[in-house]
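Below is one structure, written out as structure tokens, with a few remarks after it.
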Amino acid sequence: MPIATPEQYDEMLDRAKAGAFAYPAINVTSSQTLLGALRGLAEAESDGIIQVSTGGAAAWSGFSVKDMVVGATGFAEYAKVVAEHYPVTVAL
Numbered sequence: 000m001p002i003a004t005p006e007q008y009d010e011m012l013d014r015a016k017a018g019a020f021a022y023p024a025i026n027v028t029s030s031q032t033l034l035g036a037l038r039g040l041a042e043a044e045s046d047g048i049i050q051v052s053t054g055g056a057a058a059w060s061g062f063s064v065k066d067m068v069v070g071a072t073g074f075a076e077y078a079k080v081v082a083e084h085y086p087v088t089v090a091l
């Protein structure tokens, strides 16, 4: 499924509040950990939140670049492409 839009994210939060539950929020540091998080969410049949730290974002740009904006953008684009192949909705 695609990455959640702001409206879908609002719906996720409303559903969680109404059902008295929380979504898992998983911090990822690489493409492998992102894929592992997506697989885990899919196996649990749970929507979720994927996070990347500022240091993680810098690492996504490459260690010789270390640009948080470039890395976060690259991470988001990669996540957008691969998340469409999993049966869950994720927010970034």
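Just so you know, we're using numbering that gives the first Met the number 0 here: the sequence shown kicks off at 0 and counts up by one. No residue lacks a Cβ here, since even glycine has one placed at the ideal position from N, Cα and C. Predicted model only: the values in this text are computed from it and were never measured.
Assuming residue i contacts residue j (C-beta within less than 8 Å), just tell me the rounded distance between them.
i, j, result
"Val89", "Ala17", "No, Val89 and Ala17 are not in contact; Cβ-Cβ is about 20 Å, not under 8 Å."
"Leu37", "Tyr85", "5 Å"
Can you grab the Cα-Cα spacing for the pair residue i / residue j, in whole Å?
i, j, result
"Gln31", "Ala15", "28 Å"
"Gly47", "Ser60", "24 Å"
"Glu44", "Val87", "7 Å"
"Lys79", "Pro1", "7 Å"
"Val69", "Thr53", "11 Å"
"Glu42", "Gly35", "10 Å"
"Phe62", "Gly73", "14 Å"
"Tyr77", "Glu6", "21 Å"
"Val64", "Asn26", "21 Å"
"Val81", "Asp13", "26 Å"
So the candidates are the options; which of them puts its Cα closest to the Cα of residue i?
i, options, result
"Phe20", "Asp66, Met11, Glu83 and Ala78", "Met11"
"Tyr22", "Asp9, Lys65 and Gly54", "Asp9"
"Gln50", "Gly39, Thr28, Asp66 and Gly61", "Thr28"
"Met67", "Ala57, Leu91 and Leu34", "Ala57"
"Gly55", "Val81, Ala71 and Glu6", "Ala71"
"Leu91", "Lys65, Gln7 and Ala75", "Ala75"
"Gly39", "Ala24, Ser52 and Thr53", "Ala24"
Exercise. Quick one: complete alpha helix (DSSP H) runs, 4+ long, within the segment 16 to 58?
Worked result: With a minimum length of 4 residues, the continuous alpha helix (DSSP H) runs that stay inside the segment 16 to 58 are 30 to 43.
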